[in-house]
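**Q**
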Amino acid sequence: MVDQRIGVAFAFLLLLLKLQPAFEQVETLSSPIERFALLQLRSSLGIRSKEWPRKTNPCLNWTGITCKNGSVSGINISGFRRTRLGSLNPQFSVDALANLTQLSSFNASRFQLPGSIPDWFGQSFGSLQFLDLSFCAIRNAIPASLGNLTNLTGLYLTGNSLTGAIPSSLGQLVLLSVLDLSHNSFTGSIPMSFASLGNLTSLDISSNFLSESIPTGIGMLLKLQYLNFSNNQLSSSIPAQLGDLGSLVDLDLNINSLSGSVPADLGGLRNLKRMLIGNNMLVGSLPVNLFPAPSQLQVVVLKGNDFAGIVPDVLWTMPSLRFLDISGNNFSSFLPNYTLNANATIAELNLSGNLFYGGLTPILRRFGSVDLSGNYFQGRVPNYVPVNASLVSNCLQNVSNQRTLPECASFYAGRGLTFDNFGLPNSTSPPAREPKGKSNKKVIILASVLGGAGLISLLILLLLLLLCIRKRGTTNQRGVGVGPAPAGISPPPPEESINFSSLGDTFTYQQLLQATGDFSDANLIKHGHSGDLFRGTLENGISVVIKRVDMQSIKKETYLLELDFFSKVSHPRLVPLLGHCLENENEKFLIYKYMPNGDLSSSLYRKTSEEDGSLQSLDWITRLKIATGAAEGLSCLHHECTPPIVHRDVQASSILLDDKFEVRLGSLSEACPQEGDTHQSRITRLLRLPQSSEQGASGSVTTTCAYDVYCFGKVLLELVTGKLGMSASSEAQLKEWLEQTLPYISMYEKELVTKIVDPSLIIDEDLLEEVWAMAIVARSCLNPKPSRRPPMRYILKALENPLKVVREENPGSARLRTTSSRGSWNAALFGSWRSTSDVAVIPAGSSRPEGGGSFKHSGTSNSQGSGQNGGEHSSSRRRQSREIFPEPSDGQDVERQGQD
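Residue numbers (mature numbering (1 follows the signal peptide of the UniProt record, and there is no 0)): -24 to -1, 1 to 876.
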C-alpha cells in the first residue's frame, strides 16, 4: 500500500515537471509603470473593454498585446473601433507609449489618430523594429527624430495627410526593408540619403507632390524589388542607374513629368515583371534591347507619352505578357504577321491613339481584350479579332464609326502606301441616278414635311414666348433666383452686382506669387477648361488651389458667373472658395481650399496589383460614401436652389475628396440655372413631341437637371466597374462601354452584375447587394429619355439605403422587388415621367427577359389606368421592364397602400 502511494506521488511529480514549461509561458507584466502606461493608453485612445478588459492580465487577455520578459513587446490596434466617448475627440494621444521602452512593434493602421507625430516618438524606442501608422489621419510633417529608430525594418505611413519635405534623416534607417510613404502631400525632392538604405526591398513614395529628378543613388539599392514613384511631379529623365537594380520585380513611374528617352540600361532588369512608365513626357524610339529575351514581363504600360517609331518584336512575343498598353503615342508600323501559341484568355492589348496601319494580323489571337481605336488599320476584320474589340476611328471596311475616306487616303498616300477604300463610309463613288418622276415625288414629300415641321416650330415658339412673358410677370414665391445664367440666355452679372463680402478674403497678387513659387510648373496641377490650377501654400501654412484665369483666352463672364454662383450658393458639399484676387486686368485668380485626396479620377486607385496591371482600388464602403456625398451636393443644386442649378460638368474629375474622402463638388465654372424648367415639359407633352434627348457626352441640351443625372449615372457605373475615365470619355467610347455593360444590370438576376464589377473589390454577399443596387440606380440615371430619369433627391435616398432598392420591405428577405403594385407611390412621386423604357440587349445565357433599356418603376395598379399613359401600363408585355427607383423615407407606406 505504501509502495502504491509512493508510485502515485512520483507520477504526479513527473506530471508537474512536464507542465512547468507551460506555466512559465504565461507572461505577466513585471513593471507597474508599464501596466499604468497601458491603462493610460486604453483611456486616451478610447479602446473598448471588449478588446482590453481592465481587470485582467494584459499579456494574456488584451487583444493585440504581446509581452516578452515581463515587458510589453508589441501593440496591434489595427482596425479597432473607439468607444463612443473616445470617438468624440480622437487625437494622437500616445504619450503613454514613452514608458513602454521595450516595444518592438506598434501597428495602428486604420485607427484614427488625427494630429502630428510627436518629436519624442523617435527618441524613446530604441528597440522598435516595426511601425505601421497607415491611414491614421495623421497630418503635418514627419519629425526628423524618426531617423533615430535605427532598428526599424518596416515603416508604413501611407494614406495620411503628412506634408513638408521627407526628412533626410530617414536615410539613417539602414536596416529598413520596407518604406511606404505613399498617398500623402509631401513636397520637395526624394532625399539623396535614401541611397544608404541598402536593405530596402520595397520603396513606395507614390501619390505625393515630389518634384525634381530621381536620385541616381537609387540605383545602389540592389535588394530593391518594388519601386513606386507614380503620381508625383518628378521631372528630368529616367536615370540609367535604375538598370542596376537586378532584383527589381516592379517598376512604377506612371504619371509624372519625366522627359527624354528611355535608357537602354533598363534592359538589364531581367527579373522585372511590371514596367509602368505611362503618362509622362518621354520621347523617341524604344531601345531594341529594352525588353531582353527571355523576359518575365507580365505588365507593360507605356501609354500617354510621345514615343515614335516601331514596337520591338520581342514585346509582342513575351510568353508571360498579360497586359500591354502603348496607347496615346506616335508608334507607326504594321502589326507583325505571325501567330503565337499563347493563352488568349488573360491577355489585354491597348494600341489606341497611335499611327498603326495596314491589315489586322494573327498576332491578335493571343489577346483576349483588344483596343485598336484611333489608328489607321485598313481592310476587313478577320474572325480571330476578339468580339469585344474596340475598332472605332480606323479605316476598316464594313465597320461603323471609321475615319473619313479623304483622311485615310491622305494618310496612306503620305507614306507611299496603297489604300483599299472598298466598303469604307463616305465613298466618293457617284450616286445612282433616279427616274425623274421619283425625284419629283421626293421633292414634294420633302417640301410637305419641312412645311409641317416649320408650322409646328412656329407654334412652339409662340407658346414659349407666352410662357416666358407670364413667368416674368409672376412673383417668385420661393425667393430670389440663385446662380449664374447659362451662356446665351442672359448677360453675365456685372461685377458691382456681386456680393464680394461673401466670397472669402481678398488676396494680393504678390501673396499668390509667394504661395505658388511664381506659378512654377512644379506647382501646376492641370490646365482646366476655365483656367490653370496651381497648388499653393499661404503664409499661415494653409494649402490651397489657385485658379489662374487668362482674360485674353477666356471670356470675362466665366469667372464672374462663378463668383456670382459662390456669392449665392453655399453648401458643405461644394468646394470652399477661400478668396480671390482681381487686381490684375489680364489675369484673375480664384482661391479654393485644397483637397488632400485630389479628385475621384486620381483617387479611385491606389496601388498596382500583380495580376493585370490595374490598381488596388478604394474599398466599397468608401466608394458608396463618395457616391452618396456627390448625390447630396447635386441634390442641393437641383432641389434646394431656386431656380434649380445645373452643374453641367459632372464627372470623376469634378468630384473632389478631402482628407476623410468626404465629397466636395468642384468644376463649378459652368453651373447655371436650369433651362425651360417645368413649363417646357408641359408644352412637349401637350404637343406630343419628344423632349430633347441628350446622349451623355455629346448632349445637345446640357442645361437641364436630367443632363446632370445622366452624367452622374456614368460616375456611378464607373464606381461599380472600376473603368476609370469613362465618365469623361468620348461619345463613341461611351456608347461602346454602355453596350457592353448595361446588359449585365438586371433587376431579376443579381449574379449578372458580378460580370462587370471591379475585380479588385473585396465584397461579401451584403456588399454585393449594395453594388447591385448602385448599378440599378446607375442604369435608371442612364435612361436615353431625359424625362424618364429619376430626380436627384430620389437617387440620394437610394444611395443612403441601397438595400431598399433590391429587397422587399421585410429586411430579412433579400428577394428583389418585382412587379408589386405601386400605383399610389408612382402617382405621388414620379408623375409625368412614368413611362416605358427602350429595349435593351440581353446577354446570352440570361434566364429572364428584361425588355427595357432602363428599369421601369412598377406602377401597374388599375387605379392608374385612366391616368397619363395608362394604356401603356396596362400592357402585360411591358410589365417585364419595370424601372426601379429609390424609395423616399417619407413614402415607405405608400406602396402598401397601393396594394390594398
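Ideal placement from N, C-alpha and C gives every residue a C-beta, glycine not left out.
Please read these numbers as outputs of a predicted model, since none were measured by experiment.
State yes or no: is the C-beta of Thr337 within less than 8 Å of the C-beta of Asn313?
**A** Yes, Cβ-Cβ distance for Thr337 and Asn313 is below 8 Å.
**Q** Sorry if obvious, but does the Cβ on Leu743 come closer than 7 Å to a heavy atom of the ligand ATP?
**A** You won't find the ligand ATP in this model; it holds no ligand whatsoever.
**Q** What do you get for Met168, buried or exposed, if any count of 16 or more other CB atoms within 10 angstroms of its CB means buried?
**A** It is exposed - the Cβ of Met168 has fewer than 16 other Cβ atoms within 10 Å.
**Q** Can you name, in chain order, every residue of its own chain whose Cβ lies under 7 Å from the Cβ of Arg24, other than the five neighbours on each side?
**A** Closer than 7 Å at the Cβ level, and outside the excluded window around Arg24, lie Arg57, Thr59.
**Q** Going by beta-carbon coordinates alone, are Phe510 and Phe495 separated by less than 8 Å?
**A** Yes; because the gap between Cβ atoms is below 8 Å, this pair is in contact.
**Q** On a CA-only basis, which of Gly609, His623, Arg624 is nearest Val639? Give me that one, please.
**A** Answer by Cα proximity: Gly609.
**Q** Return helix, strand or coil for Gly243, following the three-state DSSP convention.
**A** Reduced to three states, the DSSP call for Gly243 is helix.
**Q** Should the stretch 191 to 199 be regarded as contacting the stretch 128 to 148, the criterion being three or more beta carbon pairs within less than 8 Å?
**A** With the cut-off at 8 Å, the stretch 191 to 199 and the stretch 128 to 148 do not touch.
**Q** Under the assumption that Cys112 contacts Leu128 (Cβ atoms under 8 Å), give the Cβ distance between them as a whole number of angstroms.
**A** Actually they do not touch by this definition, with Cβ atoms about 17 Å apart.
**Q** Which ranges does the beta strand (DSSP E) cover as unbroken runs of at least 3 residues, wholly within the stretch 515 to 546, from first to last along the chain?
**A** Those beta strand (DSSP E) runs which fall completely within the stretch 515 to 546 and span 3+ residues are 519 to 526.
**Q** Among the candidates Gly698, Ala607, Ile732, Arg599, whose CA atom is the shortest distance from the CA of Ile771?
**A** Checked all of Gly698, Ala607, Ile732, Arg599; the closest Cα to Ile771 is Ala607.
**Q** To the nearest angstrom, report how far apart Asn256 and Leu17 are at their CA atoms.
**A** Approximately 47 Å, taken between the alpha carbons.
**Q** Using three-state DSSP, classify Asp481 as helix, strand or coil.
**A** The answer is strand: DSSP assigns Asp481 an E or B state.
**Q** Using 10 angstroms around the beta-carbon of Tyr568, count the other beta-carbons present and answer buried if the total reaches 16, otherwise exposed.
**A** Label assigned to Tyr568: buried.
**Q** Beta carbon of Leu248, beta carbon of Leu210: below 8 Å?
**A** For Leu248 and Leu210, no; Cβs fall outside 8 Å.
**Q** From Ile114 to Asp108, what distance separates their C-alpha atoms?
**A** Computed Cα separation, rounded: 12 Å.
**Q** Using DSSP bridges, identify the partner residues of Cys43.
**A** For Cys43, which the question treats as bridged, DSSP gives the partners Val48.
**Q** Mind checking whether Ser183 and Ser212 have CB atoms under 8 Å apart?
**A** Not a contact, by the Cβ cut-off of 8 Å.
**Q** Return the first residue and the last residue of the beta strand (DSSP E) that Lys690 is part of.
**A** Not the beta strand (DSSP E): Lys690 falls in the alpha helix (DSSP H), residues 681 to 697.
**Q** What's the C-alpha gap between Leu221 and Leu203?
**A** Whole-angstrom Cα-Cα distance: 10 Å.
**Q** Any idea what DSSP makes of Ser211, helix, strand or coil?
**A** In this structure, Ser211 counts as coil in the three-state DSSP scheme.
**Q** Should Lys564 go down as buried or exposed, given a rule of 16 or more other Cβ atoms within 10 Å for buried?
**A** It counts as buried.
**Q** How about Ser645 and Ser519: do their beta carbons lie closer than 8 Å?
**A** No, the pair does not count as a contact, with Cβ atoms beyond the cut-off.
**Q** So, helix, strand or coil for Thr492, using DSSP?
**A** Note: Thr492 maps to helix in three-state DSSP.
**Q** Grouping DSSP H, G and I as helix and E and B as strand, with all else coil, what is Leu258?
**A** It is a strand residue.
**Q** Three-state secondary structure (DSSP) at Gly123?
**A** Correct three-state label for Gly123: helix.
**Q** Roughly how many angstroms separate the alpha carbons of Asp156 and Lys544, rounded to a whole number?
**A** Straight-line Cα distance between these residues: approximately 44 Å.
**Q** Going by other Cβ atoms of all chains shown within 10 Å of its Cβ, with 16 needed for buried, is Lys523 buried or exposed?
**A** Classification for Lys523: buried.
**Q** Return the CA-CA distance between Ala284 and Val277, expressed in angstroms with no decimal places.
**A** Answer to the nearest angstrom: the Cα atoms are 15 Å apart.
**Q** Determine the direct distance from the alpha carbon of Asn45 to that of Ile9, and round the result to whole angstroms.
**A** Spanning the two alpha carbons is a distance of roughly 15 Å.
**Q** Select from Thr697, Ser110, Leu348 the residue whose C-alpha is nearest the C-alpha of Leu300.
**A** Residue Leu348 is the option with its Cα nearest to Leu300.
**Q** Hey, how far is the Cα of Gly268 from the Cα of Asn281?
**A** What sits at residue 268 in the sequence shown is Pro, not Gly. The alpha-carbon atoms of Pro268 and Asn281 are separated by roughly 22 Å.
**Q** What runs of the beta strand (DSSP E), each 3 residues or longer, lie entirely inside the stretch 255 to 311?
**A** Listed in chain order, they are 257 to 260, 275 to 277, 282 to 285, 299 to 301.
**Q** Hey, how far is the Cα of Pro649 from the Cα of Leu550?
**A** In a straight line, the C-alpha of Pro649 is about 16 Å away from that of Leu550.
**Q** Only counting the same chain, and skipping five residues up and downstream in sequence, which positions put a Cβ closer than 8 Å to that of Ser161?
**A** For Ser161, where only same-chain residues beyond five positions count, the Cβ hits under 8 Å are Ser137, Leu138, Thr139, Asn184, Phe185, Ser519, Pro572.
**Q** Would you mind working out which of Lys502, Gly123, Trp96, Ser81 sits nearest Ser103, comparing C-alpha positions?
**A** Considering only alpha carbons, the answer is Ser81.
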